[in-house]
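Per our numbering, the sequence shown runs over residues 5 to 314.
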Amino acid sequence: MVDALVTLIVVLACLGALGALAAARVVKQYERGVVFRLGRLRSDIRGPGFTMITPVVDRLQKVNMQIVTMPVPAQEGITRDNVTVRVDAVVYFKVVDPAEALIAVEDYRFAVSQMAQTSLRSIIGKSDLDDLLSNREKLNQGLELMIDSPAVGWGVHIDRVEIKDVSLPETMKRSMARQAEADRERRARVINADAELQASRKLADAAAQMADTPSALQLRLLQTVMAVAAEKNSTLVLPIPVELLRFLERGAQEIPAAARAEGGTEGGAPAAGPATAPEREAAPAQSAQPARQAMPTLTEREPEPHAVDR
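Given below as structure tokens:
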């Protein structure tokens, strides 16, 4: 009798220990426990730490409350300006209501992934290529709103959405490269033309200044000669100013005029009037006759002495 009682107590103790082990649960700090009793949701959400449930009757499901990083597969689409692109993104979300995440949707991770893919395709069709390449911040905000609107009913909060990469066709890459090169060439030509305009204005100011002070031109010439001589070249090119040539030309014209004026005043003879036509014809004839007489003939020339060999 006593042995049977002891055996019963031991059996009950073992069953109690097994029941306690079956009822004991540990919820981690980043998790929350949702209890279903006979299939019905219990209102109390179990926090982190040690907790107990009723074995066989209750069932505890743990929900991760951490931020989940979910990559969105690359989606191909046509932009509003008819360019085929391939865009991939990443979604950051977390569960804010564990009960809704388990009841409202079968698999909240899969649901968020599908919603992100469809929203990404939609945002590609509504945007231009330039917006996808340069205005991603605005597109990220629009994509976040599109995913977060249905996710609120699932107990999920979309923290942020980022577009990772935009893949373009090779033909489009070459076209964009040519466009960028042409734009850089245009800017280079504009800058060069602007520099030429500024340089011409400065040169015009310098020319006006040198016209007022001719000595400045000579100083500039000497500076140029010194700069060329510093190069240690074998040939030195010395530019002659145009003003110097004009000065010499004026001097050459003034000297004969002054000589004619002095000759007229010293001789005292009046200047001869204009000659008539017969006088002009006779004058060359008279001047030509002495020239012909001065030339000796062959008979009049003396024989040249020459030596005779013996």
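For glycine and all other residues, C-beta sits at the position ideal for the given N, C-alpha and C. Predicted model only: the values in this text are computed from it and were never measured.
| Closest residue to V91 among L133, V100 and V72 (Cα-Cα distance) | Checking every option, the nearest Cα to that of V91 belongs to L133.
| task | Following the continuous beta strand (DSSP E) through R315, name the residue where it begins and the one where it ends. | result | Any answer about residue 315 is impossible in this case: the structure gives the chain only from 5 up to 314.
| query | Since N68 is in the beta strand (DSSP E), which residue starts that stretch and which ends it? | reply | D62 to N68
| message | I need the straight-line Cα distance from A21 to P102, nearest angstrom please. | response | 31 Å
| request: Counting only the same chain and skipping the five closest in sequence on each side, list residues whose C-beta sits under 7 Å from that of R125. | output: Here the set comprises Q79 and G81.
| task | Please go through the same chain and pick out, in chain order, the residues whose beta-carbon is closer than 7 Å to the beta-carbon of V31, but skip the five residues on each side of it. | result | G37, R50, G51, P52, G53, T55 and K66
| said: Does the structure place the region 159-170 close enough to the region 108-125 that three or more beta carbon pairs sit under 8 Å? | reply: yes
| task | Can you grab the Cα-Cα spacing for the pair N196 / R188, in whole Å? | result | The alpha-carbon of N196 is positioned some 12 Å away from that of R188.
| message | If contact is defined by three or more beta carbon pairs under 8 Å, each pair taking one atom from either stretch, is the region 56-75 in contact with the region 10-27? | response | yes
| field | Three-state secondary structure assigned by DSSP to T55 | value | Here T55 carries a strand assignment [DSSP, helix/strand/coil].
| query | Hey, quick one: how far does the beta strand (DSSP E) through R164 stretch, first residue to last? | reply | V160 to S171
| M230 vs L221 beta-carbon contact at 7 Å | The beta carbons of M230 and L221 sit no closer together than 7 Å.
| Run of the alpha helix (DSSP H) containing A8, from where it starts to where it stops | V6 to A27
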